[in-house]
């Protein structure tokens, strides 16, 4: 019994809401169907300047189309003008390019500064009559790392293909027929 009462108590508010909505459908349909007159008057002479005959459906359609047009125009404005830079995540392409260029220049300046510092310490060590080659514990930036060559062996199919191509070239040279 308690479960049935609890379910009934849960359903009652929804039932009342939908009943009011069902009974109010006539009010909404009346607003949509009935015609109303919209008039703009001159306040000094009380003459009619503009008048429209409107229904609720006309107003609803007009407001819907107006809002869609405004959304579309705003999207175009943001997509094709510099205003898009104000949106987080979008940036000016020239600014991005300049950032990368600045980072590259900074890296090269750091390398050059390190090389000059090493040269200065070498000169100081020479003046102090120390051997500069023994004092370097780290490798210089300009030193290159030599990679070991990878051994390459020809497979049997590779060798056969090479022989076939060479034979075809020789045959074509003899007949002056070059079809590659």
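In the working numbering, the protein residues as written are 1338 to 1517. Positions of the beta carbon are idealized from the N, C-alpha and C atoms, including for glycine.
Going by DSSP, residue 1388 is part of the beta strand (DSSP E) stretching over 1385-1392.
The region 1380-1453 is shown to contain whole alpha helix (DSSP H) runs of 4 or more residues at 1393-1417, in chain order. The Cβ-Cβ distance between residue 1413 and residue 1420 does not fall below 8 Å. Counted as a single uninterrupted DSSP element, the alpha helix (DSSP H) harbouring residue 1339 occupies residues 1339-1360. Per DSSP, residue 1497 is one residue of the alpha helix (DSSP H) stretching across 1493-1512. For the 8 Å CB-CB criterion, residue 1388 and residue 1376 form a contact. The three-state reading of DSSP puts residue 1465 in coil, since its state is none of H, G, I, E or B.
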